[in-house]
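For reference, the structure is listed below as structure tokens.
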Amino acid sequence: MKRFILAVSFISGFSALVNEVIWTKLLSLTLGNSTYALSIVLFSFLIGLAIGSYIIGKYLDNIGQYLSLFAFIELGIGFSGLLILLFFDKLDIPFLTLHSYFPESFYLFMGSLILLVFLLLLIPTMFMGATIPVMGKILTKDVSKIGTSIGDIFSINTLGGVFGAFTAGFILVSYIGLIKTGVFASALNLVLAGIIFYRSTRKWNQQFLTVMFSSLVVILYVSSSVFNPVFAGAYYSGIRMNNLESWEQLKTSNTLLFHGSNEYGVVGVWRSPGHDYLTINGKVDAGTSYDDSVTQLSLGYLPMFAKPDAKKVLGIGLGIGGSLSAIENFDVEVIDWVEINPLIVKVNREYFFEYNDNALDDERLNLVMGDGRNYLEYSNKKYDVITSEPSNIWVSGSGSLFTREFFESVSGRLNEGGIYTCWIPGYEFGEQDINLLLNTIHQVFPYVSVWVYGGDKIILASDKEISIDYYYMADNIYHNSGIYYDFINLDKKSTGLNKPHLNLENQILKGYLGEYDDLNIQETEQVNSDDLPVLEFSTLRNSFLKSGGYEFNFNTSILPVYNQTVRNNELDLLPLRIKVTANDELAGTIGYNYNFKDGIYEANFEFNESLIKIKAFEVSDIQIKPDDSEEVKFTKNLLAESRVNIYLDGTVYGKFIQNNYTYLLSDNGNSKMAGWYCPENSRIYTIETNDLDNFEYIVKRISCYTIESNTNTV
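Here the working numbering is used: the first residue of the sequence shown is 4, the next is one more, and so on.
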């Protein structure tokens, strides 16, 4: 009997931990794969065990036929375990309903989730908790040996649990999926119940056979039921919706292209109107939309433009290959890319190969399957650029890629002057959070710059001052076919036009926010560390409360000053696409700045000891009107007709602006302003100066142009 009970104890423990792993993974699709979610499941699981153990212990002495009782307990585990598998893909509505009750109280919301999960898992875990006391009662004939009996049972049961957790996480989920693994665990309990019952009676009871047959029917039903992964992600996409109707609409408007699971999570590929996207455990991690594309490509292009001589690059997190594809457009020698999940590689090859231009087939690429942080700490390689795009900080496993210790590992693997680039979900950061993270990075890297694309933020960090050579960048964009193709596509997605805007580089550069010293960061001694990962918890709270998205308070929206040497008496203001020429008036170095915001560019410089201010207004489209005149439409509600009126900064200038004809717009006695429309680059310019006497001479020294692409890609 002892060997039999110990064998049963092993199988019972094995099944229990298989169930625990599966329930945790399934619940994470609704609750999120965070430390909070894991804690909620573990709490509910252990409380259920305790309650079951307490109840059976209280009444066990009054119950006979312990083997038969044990059989019915195992039957209860199996049957209830099967039934709750039918409810996991229906938890999104209760989850979002609870959130609607407590939209402003994170802890009340968490408390309600604990209650929800506890009630869901209560019955099977209570049955599980009852197994140890019953097995102890069966095995213990001599009270003096109760310690030995309980010790043997508990150790073997724990050993079974260890094997169950390993088998579920590393084998079963990868090969048969979540639901079938759960069915397998419940089937083990049912088979175990039958064996125990037969051992206790040596015959099959009709009622018991009826229950076993019913369980078999349930097994077949649950196994054949279609698990609908569309519910997954309520904790992310659903929370961001304003109501349940919007969430239901989202679920019905998307088409599932791929769904798979392994020890690292549940991966899905979805098609939404206008774009495809990748989900991990229900959360959108990357997509082909304009916003996602800008972020992914910027993670590749920004560090490469800031480090033109980069030859060795390391990437962490593959996503859908956008950043990798961008880096492959440069003359680099080595690209090491670390990705932990094989399914991500699979979907890149099968679903996103067109988007990333078959990035995984580049002969310079060394794809490393493993953990990014471990690779950094144990590799002895050094790189010129390291770019990192993990999942959100609160996602289990990602938080360690945003700590001081990780940044120190990155610094140790960068060559002198190397660039580190990382993505930050800015929409989940409050003021204290962004200050804490930037302080943490700044303690490791003396130079830090911040870029913003919608809700996303990108950080560039280095041991040397970070600067982007505008001319090197523009030359690559317009004369490197791979880069030109990316920027043309971004431009089409952002404007909806079939012809590119003049300044394609602005699709990336318009995200510039400022340097660390310009952003009024409140320096503190506290950092985000492995020991105290504050951001892992605060960002999830912000996500549920919709309280992230902190905007920096800084004094200027003007980009850095670009210093430029005048050559052959010609000043080429590339961002504005104009040239200024003169006899001897231009000399030395000219400093100018300009603003990308809302399609307006501005340059300020001195010309013959006179202050010159030039503005260029980017035109969004040109249409031919019925009367054969051209109507020029501006961004930011600016509107002009090339031969009617020009509206600038909300001021109406009732003058005629004809092609390449400069017309005086204003003269207040202290300065003059003129404006003209340049058909070469579809842009309207204004020039203002305080040199009233030489105004006409200055205007005639300015000419506009466009950059021609020599690529054959588009």
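From the three backbone atoms N, C-alpha and C, an ideal C-beta is built for every residue, glycine too.
Where the beta strand (DSSP E) through residue i begins and ends
i    : result
T692 : 686–692
K718 : Any property of residue 718 remains undetermined from this structure, which presents the chain solely from 4 to 717.
V419 : In the sequence under discussion, the amino acid at residue 419 is Glu, which differs from the Val named in the question. Start and end: 417–427.
G678 : 675–681
T786 : This structure leaves residue 786 out entirely; the chain is present only between 4 and 717.
G517 : 515–518
L463 : 459–465
I581 : 581–584
Simplified DSSP assignment, three categories, for residue i
i    : result
N36  : coil
L368 : strand
R202 : helix
F333 : coil
F356 : coil
K720 : The structure shown does not extend to residue 720, since the chain is modelled only from 4 to 717, so the question has no answer here.
F540 : helix
V341 : strand
G236 : coil
W26  : helix
G325 : helix
G185 : helix
G81  : helix
V120 : helix
N265 : strand
D489 : helix
I627 : No answer about I627 holds up, because its pLDDT of 37 lies below 50 and its placement is not dependable.
V348 : helix
F620 : strand
I58  : helix
L260 : strand
S399 : coil
E380 : helix
D494 : helix
E251 : helix
Cα-Cα separation, residue i to residue j
i    : j    : result
I347 : N192 : 34 Å
K513 : K254 : 33 Å
L260 : K460 : 29 Å
N662 : W679 : Caution is warranted here: a pLDDT of 44 is assigned to N662, below 50, making its placement in the model unreliable, and the coordinate value is therefore given only provisionally. So the alpha carbons of these two residues sit roughly 7 Å apart.
W26  : G458 : 32 Å
I660 : D521 : Its pLDDT being 41, under 50, I660 is placed unreliably in this model, and the value from its coordinates should be taken loosely. Near 39 Å, if we compare the C-alpha coordinates of D521 and I660.
L507 : K618 : 18 Å
Y378 : L32  : 28 Å
V530 : S37  : 21 Å
S412 : S108 : 37 Å
T170 : S249 : 39 Å
A606 : P306 : 26 Å
M281 : L29  : At residue 281 the sequence reads Leu, which differs from the Met that was named. Answer to the nearest angstrom: the Cα atoms are 18 Å apart.
L101 : V120 : 12 Å
I80  : F105 : 33 Å
S12  : I330 : 55 Å
F173 : H262 : 18 Å
G318 : V447 : 19 Å
S465 : E526 : 19 Å
E342 : I242 : 28 Å
Unbroken alpha helix (DSSP H) run spanning residue i, endpoints
i    : result
G154 : 149–170
D436 : 434–445
M4   : Here M4 belongs to no alpha helix (DSSP H), and DSSP marks it neither H nor E.
E573 : First-last for E573: 573–576, but that is the beta strand (DSSP E), not the alpha helix (DSSP H).
A477 : 473–482
Y700 : 698–703
S754 : Outside the modelled stretch of the chain, which goes from 4 to 717, sits residue 754, for which no answer is possible.
S177 : 176–179
S103 : 95–104
is_contact[residue i, chain C] using C-beta, thresh 8 Å
i    : result
T298 : As a matter of chain content, chain C is missing from the structure shown, which is built from one protein chain.
* To do: Decide yes or no for the touch test of the stretch 86–95 against the stretch 159–169: beta carbon pairs closer than 8 Å, at least 3 of them.
  => no
* Asked: Between the stretch 282–297 and the stretch 417–433, do at least 3 Cβ pairs fall closer than 8 Å?
  -> no
* Asked: Are three or more beta carbon pairs between the stretch 266–286 and the stretch 463–474 nearer than 8 Å?
  -> no
* Evaluate the contact criterion for the stretch 403–410 versus the stretch 371–386: three or more CB pairs, one atom per stretch, below 8 Å. => yes
* Assess, as a yes-or-no matter, whether the stretch 535–551 is touched by the stretch 449–456 under the definition of 3 or more beta carbon pairs within less than 8 Å. => no
* **Cβ contact check for the stretch 69–85 and the stretch 194–202: 3 or more pairs under 8 Å** => yes
* At least three beta-carbon pairs within less than 8 Å, the stretch 347–359 to the stretch 391–398 -> no
* Below 8 Å, can you find three or more Cβ-Cβ pairs linking the stretch 700–711 to the stretch 576–585? -> yes
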